[in-house]
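J.: Numbering (the numbering used here), first residue to last: 245 to 502. Yeah, the Cβ is synthetic: ideal placement off N, Cα and C, and Gly gets one too.
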Amino acid sequence: MSYSAVEWAGENGWVKNTFWKSRRAGAWVSAGALALLPLATGAATPAKIEDTLAARLAACSACHGAQGRAAPDGYHPRIAGKPAAYVYHQLLNFREGRRAYGPMAALVAGLPDAYLREMAEHYAALELPYAAPPPARADAATLARGRQLALQGDAGRQLPACSSCHGPALTGRLPATPGLLGLPRDYLNAQLGAWRQGQRGAHAPDCMATIARQLSPEDLGAVTAWLASQPVPAGARVAAAPGPGEVLPMQCGSAVAP
Ligand code: HEC
Ligand code: HEC
């Protein structure tokens with residue numbers, strides 16, 4: 245694996261840090277954040293749980309930005325305001341090896357379910373504004389194709405609309421499907437690529453693995469270009485859970501609450 249050093253200055257004047265970006269996997273390792281890892285193994289006595297939670301959340305901000313609003317580097321994803329059950333699933337996925345990113349796995353290793361749930365609920369409850377999206381870096385035909393896939397799908401390629409599961413406005417759907425807006429394109433590409441290659445998994449049946457493999461490389465690029473260029477509607481809310489009798493176009497083990 246080859247590494248390149250990337251200088252990154254965090255928000256709010258946070259100390260300049262050196263990240264090593266793995267060119268192959270698009271994964272990031274932060275020397276500064278690794279220094280915080282002992283927090284994850286520190287003994288937590290029940291009486292001090294508040295303090296310990298605050299300390300752990302400070303470690304999260306080092307990579308995910310203040311209050312989990314995403315880092316300005318175009319990769320570290322926002323976690324604030326995502327459905328609690330989705331965030332909880334991801335913490336389980338890192339702990340149990342369905343998602344592979346060393347520093348995240350180290351941070352949550354050995355933490356009990358209840359603690360992960362508490363962190364997930366903390367982030368889910370945050371209602372914070374989103375930054376405006378960067379200008380689209382794709383031509384009009386590509387963006388039109390991306391929009392079509394996101395909102396209508398492509399029956400010929402057995403691709404349901406992303407919005408059929410991620411909510412009509414793509415702002416997520418309860419209990420556990422995340423929104424697709426407000427995420428950097430590099431992050432979206434990396435996640436869909438990881439699913440295609442078996443490096444990201446979710447609770448079975450893993451509908452996203454099927455969808456990511458069904459997308460051609462061109463369609464994958466088109467849908468992420470369009471998604472990353474869309475503003476998050478002001479006052480956006482996660483859509484209500486599917487009603488009784490309403491079925492998703494595919495079964496997803498991760499779309500239900502844990
Ligand atoms: C060393 C930097 C780093 C630290 C510290 C860190 N994260 Fe992460 N986190 C990442 C990266 C990078 C990803 C995306 C990994 C990937 O490519 O799958 C990620 C992904 C996530 C995701 C999945 C996001 C999504 O939309 O699927 C959640 C949830 C998360 N982190 C929560 C946390 C919490 C909670 C903490 C603090 C306990 C934390 N992270 C600390 C780097 C970090
Ligand atoms: C059949 C339902 C379904 C459809 C259709 C669907 N998704 Fe998903 N998607 C999910 C679920 C459920 C998750 C959460 C998986 C998990 O827990 O890791 C998810 C997660 C994701 C994520 C991870 C987000 C993050 O923050 O890391 C991306 C990216 C994604 N989907 C993109 C898409 C795109 C693009 C489309 C359309 C081409 C699409 N999805 C269509 C159900 C669906």
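Would you mind reading off the limits of the alpha helix (DSSP H) that contains residue 440?
T.: Residue 440 -> alpha helix (DSSP H) spans 429-440.
J.: From the DSSP output, in three-state form, read off residue 271 for me.
T.: Its pLDDT being 36, under 50, residue 271 is placed unreliably by the model, and the measurement read from it follows with that caveat. If DSSP states are grouped into helix, strand and coil, residue 271 belongs with coil.
J.: Quick test of the definition: if touching needs 3 or more C-beta pairs under 8 Å, does the region 471-482 touch the region 415-427?
T.: With a cut-off of 8 Å, the region 415-427 and the region 471-482 count as touching, because enough Cβ pairs lie within range.
J.: I want to check one thing, is the minimum distance from the CB of residue 425 to the heavy atoms of ligand 1 below 8 Å?
T.: No, the beta carbon of residue 425 sits no closer than 8 Å to any heavy atom of ligand 1.
J.: Look up residue 388 in the DSSP assignment and say whether it is helix, strand or coil.
T.: In this structure, residue 388 counts as helix in the three-state DSSP scheme.
J.: Do you know offhand how far residue 441's Cα is from residue 454's?
T.: So the two alpha carbons sit approximately 11 Å from each other.
J.: Is residue 367 near ligand 1, judged by its Cβ being under 8 Å from some heavy atom?
T.: Yes - ligand 1 has a heavy atom lying nearer than 8 Å to the Cβ of residue 367.
J.: Tell me which residues share the same chain as residue 457 and place their Cβ nearer than 6 Å to its Cβ, disregarding the 5 neighbours each side in the sequence.
T.: The residues are 440.
J.: Under 8 Å from any heavy atom of ligand 2, does the C-beta of residue 319 make it?
T.: Flag unset: Cβ of residue 319 not near ligand 2.
J.: Among the residues of its own chain, which have a CB less than 6 Å from the CB of residue 449, if the five just before and after it don't count?
T.: Same-chain partners within the cutoff: 495 and 497.
J.: Could I get the ranges of all uninterrupted alpha helix (DSSP H) runs contained in the region 444-491, with 4 residues as the minimum, in chain order?
T.: With a minimum length of 4 residues, the continuous alpha helix (DSSP H) runs that stay inside the region 444-491 are 451-458 and 461-472.
J.: Got a sec, what are the start and stop residues for the alpha helix (DSSP H) residue 346 sits in?
T.: It spans 346-352 - the alpha helix (DSSP H) in which residue 346 sits, taken as one unbroken run.
J.: Between residue 420 and residue 352, how many whole angstroms is the CB-CB distance? I'm expecting something under 8 Å.
T.: Not confirmed; about 18 Å, so no contact.
J.: Kindly confirm or deny that the region 354-368 and the region 318-334 touch, where touching means at least three C-beta pairs closer than 8 Å.
T.: Yes, they touch.
J.: Taking three-plus beta-carbon pairs below 8 Å as touching, is the region 484-494 in contact with the region 372-387?
T.: Output reads no: the region 372-387 does not touch the region 484-494.
J.: Under 7 Å Cβ to Cβ from residue 338, same chain only, skipping five residues before and after it: list those, please.
T.: The answer, listed in chain order, is 345, 348, 349 and 352.
J.: When the Cβ atoms of the region 463-473 are set against those of the region 377-394, are three or more pairs found closer than 8 Å?
T.: With a cut-off of 8 Å, the region 377-394 and the region 463-473 count as touching, because enough Cβ pairs lie within range.
J.: Roughly how many whole angstroms lie between the Cα atoms of residue 270 and residue 434?
T.: Interpretation of residue 270 is limited by its pLDDT of 33, a score under 50 that renders its predicted location unreliable; the figure taken from the coordinates is listed afterwards. Cα-Cα distance, rounded: 7 Å.
J.: Does the beta carbon of residue 418 fall short of 8 Å from some heavy atom of ligand 2?
T.: No; taking the cut-off as 8 Å, the Cβ of residue 418 has no heavy atom of ligand 2 nearer than that.
J.: Run through DSSP, which three-state label would residue 265 get?
T.: Because the pLDDT of residue 265 is 31, which lies under 50, any placement of that residue in the model is unreliable, and the question is left without a value.
J.: Between 326, 328 and 305, which lies nearest to residue 320 when the distance is taken from Cα to Cα?
T.: Checking every option, the nearest Cα to that of residue 320 belongs to 305.
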